[in-house]
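Enquirer:
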Amino acid sequence: MALAVVARWGSFFISVINHDESTYIVIADEMLRGEVYLRDLIDTKPIGIFWIYAALIKLTGGSILALRIAASCVVGLGSFGLFMAGERVTGGKNFVASGGTRVGIAAGLIYLFICSLFTYYGVSPNTEIFFNVFTIASVALAVAPRLNSRSADPAWHWPVTGFLLGLAMIIKPFAAAEALAIGLFMVWYYGRQKAWGRIITSGAMLVGAFALPLLFVYLYYQQLGMLDQLMFYTFDVSAAYPIELPWYLRLKYMGDYLLRFSPFVILGGGALVQAWRWRSREEPNNKLLPSLLEREKLQWGIYLLLQFALVTVVVLLTGKRFGHYQVQLHPVVALLAAMWWAPGTTVFPWLRRPGLRKYSFVLIFLVASMLGTAHYFAYAKKRDEPPKIAAYFKDKLGADETIFIINGFQISYHLLDKPVPTPYIHSSLLFYDHHVRAFQIDEVAEANRILNDPAVQYLVRRREDANAETPLTERLLPAFEEVDEIGDRLLVYRRKRME
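Everything in the sequence shown is counted per the numbering used here, starting at 1496 for the first residue and increasing by one.
1. Return the CA-CA distance between F1756 and I1609, expressed in angstroms with no decimal places.
2. In this structure, does DSSP put T1897 in helix, strand or coil?
3. Out of M1700, V1978, G1814, G1617, which one is the CA nearest neighbour of R1745?
4. Would N1943 and F1926 be called neighbours here (beta carbons separated by less than 7 Å)?
5. For a test of the three-state rule: what should DSSP assign to V1978, helix, strand or coil?
6. What's the call for S1558, buried or exposed, on a 16-neighbour Cβ count within 10 Å?
7. Determine the direct distance from the alpha carbon of F1680 to that of L1498, and round the result to whole angstroms.
8. Note down, in chain order, each residue of its chain lying with its Cβ closer than 8 Å to the Cβ of I1694, except the 5 sequence neighbours on either side.
9. Taking the alpha-carbon positions, what's the A1580 to T1968 distance?
10. Measuring CB to CB, does Y1532 end up less than 7 Å from I1542?
11. Can you give me the C-alpha to C-alpha distance between R2002 and D1538, rounded to a whole angstrom?
12. Given a cut-off of 7 Å, decide if F1705 and A1663 are closer than it, judged by their beta-carbon atoms.
13. Measuring only the C-alpha atoms, how far is E1459 from V1987?
14. For V1500 and I1509, what's the separation of their Cα atoms in angstroms?
15. What do you reckon, are the CB atoms on Y1908 and V1521 nearer than 7 Å?
16. If you follow the alpha helix (DSSP H) that Q1769 is part of, which residue opens it and which one closes it?
17. Rounding to the nearest angstrom, what Cα-Cα distance links Y1616 and G1698 in this structure?
18. Here's the rule I'm using: 16 or more other beta-carbon atoms within 10 Å means buried, otherwise exposed. How should V1863 be labelled?
19. Just list the alpha helix (DSSP H) runs in the stretch 1844-1907, keeping only unbroken ones of 4 residues or longer that don't cross its boundaries, in chain order.
20. Below 7 Å between beta carbons: does that hold for M1721 and R1534?
Given below as structure tokens:
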């Protein structure tokens, strides 16, 4: 966790890295004021991420700095889960001399760094870094030890794994990919032992516990009398959300990811190729032999490739090429690359220089420090409009007054501690045609809702914004007059006074 903070500290001071994070924070604010998600507040995500941010706001006081530190600790927690997975699949602490612990350390560090390199691939706090914690823990608990021939097979692993996967699902349904991968692994694991009864009992525990978080959400909305809303936003909107994307652009999207993280992809690929070539090698007589034999290493690699394939499928389903969707692939890439440190792996021997090992921890800390510093200078150059908006309106708004910001900068509501005058917090829902259609938004009715709210005394918009030319703004703007500017890009409008 400390190393994650060091690697990411330079991104803590800008108010907006990605508008999704702003949406989580602002919706959590509104929920803490008593508003109900899917009735008073609308977005595309399940409720889990907003419960998490509501808890983080309570714990941290809600400052952007503190929330970014908390998100970094979540990345660190995911790294620790990968350490546990890597250590357990290689035999753990009993095989330190043969390198088992190094695999876990490598997996955790690789995940931490690839989550902290690129803005839209992990630096921005998106849902993926949160639900990854639960899916990583599930793999560490249910899959990794069972590929170690010396590990036990306790029954309680399955209900705990199911519950963790259910928690991941109420953060983002894409976690169904990991749930399916683990379920298929369970069937294979007991099927090869012909333990058909264990498939039934373990499967029942896995599925039953998986359903508990989903059932909790269902009952929560049932007691609110909002099952229709839950079904509409869960299924109808999701079905209308995907867009058509040509197959070659889907390949380009995946190719871009593999190239960005190619050093780790190559390490993992080399280890997998060696495991495949040596799959029939006899076990040598060695007291320090790790439990991850070449056969088990290959099985582990095949499982990781299965999970990678299933995650790729769900990531491509929407037709959208958002980088943060692929953060869900980071744990698999980290675990595959960490196989290079598995006992018996000899591919790329030139990387195993004694000097690198001797100073590895110093080098790791230096790289993390340099990365954090690079982020600081990179983000310092970016425009940061929301603090300017908050400073402008700090002394202009009465206790019961608020503003409406056209197409963006929703974190300003959090900085001002003011309510949002529309349920559609993420501005793209009101200003992008495919969202308007998917959510079946009546833009004129939404404009009337804002006009009928006397608390809304000001509008803020960009000086030039083609996406803001919509029926909503056409209805709103005549009721307001331009009165000022914020910087060189933002215009301020005040509600016209009644004569």
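Positions of the beta carbon are idealized from the N, C-alpha and C atoms, including for glycine. Note that the coordinates shown come from a computational prediction; the quantities given were computed from them, not determined experimentally.
Expert: So, from the listed chains and residues:
1. If you number the sequence shown from 1, residue 1756 lands on position 261. If you number the sequence shown from 1, residue 1609 lands on position 114. Spanning the two alpha carbons is a distance of roughly 7 Å.
2. Stepping through the sequence shown from its first residue, residue 1897 is reached at position 402. It is a strand residue.
3. Working through the sequence shown from its first residue, we reach residue 1745 at position 250. The shortest Cα separation from R1745 among M1700, V1978, G1814, G1617 belongs to G1814.
4. Here the question's residue 1943 lines up with position 448 in the sequence shown. Here the question's residue 1926 lines up with position 431 in the sequence shown. No, these two residues do not count as a Cβ contact at 7 Å.
5. Working through the sequence shown from its first residue, we reach residue 1978 at position 483. V1978: strand per DSSP, three-state reduction.
6. The residue you call residue 1558 lines up with position 63 of the sequence shown. Exposed, because fewer than 16 other Cβ atoms sit within 10 Å of the Cβ of S1558.
7. Along the sequence shown, one-based indexing puts residue 1498 at 3. Along the sequence shown, one-based indexing puts residue 1680 at 185. Taking the straight line from one Cα to the other gives about 33 Å.
8. By one-based count along the sequence shown, residue 1694 stands at place 199. Here the set comprises M1681, V1682, Y1685, G1686.
9. Translated into positions along the sequence shown, residue 1580 becomes position 85. Translated into positions along the sequence shown, residue 1968 becomes position 473. Each residue's Cα considered, the two are about 52 Å apart.
10. Taking the first residue of the sequence shown as position 1, residue 1532 is located at position 37. Taking the first residue of the sequence shown as position 1, residue 1542 is located at position 47. Going by C-beta atoms, Y1532 is nearer than 7 Å to I1542.
11. Since the first and last residues shown for the chain are 1496 and 1994, residue 2002 lies out of range.
12. By one-based count along the sequence shown, residue 1663 stands at place 168. By one-based count along the sequence shown, residue 1705 stands at place 210. It is not a contact, given that the beta carbons lie outside the stated cut-off.
13. Residue 1459 is absent from the model: the chain starts at 1496 and stops at 1994.
14. The sequence position of residue 1500 within the sequence shown is 5, counting from 1. The sequence position of residue 1509 within the sequence shown is 14, counting from 1. So the two alpha carbons sit approximately 15 Å from each other.
15. Position 413 of the sequence shown, counted from the first residue, corresponds to residue 1908. Position 26 of the sequence shown, counted from the first residue, corresponds to residue 1521. Yes, these two residues count as a Cβ contact at 7 Å.
16. Indexing the sequence shown from 1 puts residue 1769 at position 274. Note, Q1769: alpha helix (DSSP H), 1757-1772.
17. Within the sequence shown, the letter at position 121 stands for residue 1616. Within the sequence shown, the letter at position 203 stands for residue 1698. Each residue's Cα considered, the two are about 34 Å apart.
18. Within the sequence shown, residue 1863 is the residue found at index 368, counting from 1. In the sequence on display, residue 1863 carries Ala and not Val. It is buried - the Cβ of A1863 has at least 16 other Cβ atoms within 10 Å.
19. 1849-1853, 1855-1875, 1880-1888
20. Taking the first residue of the sequence shown as 1, we reach residue 1721 at position 226. Taking the first residue of the sequence shown as 1, we reach residue 1534 at position 39. Taking 7 Å as the Cβ cut-off, M1721 and R1534 qualify as a contacting pair.
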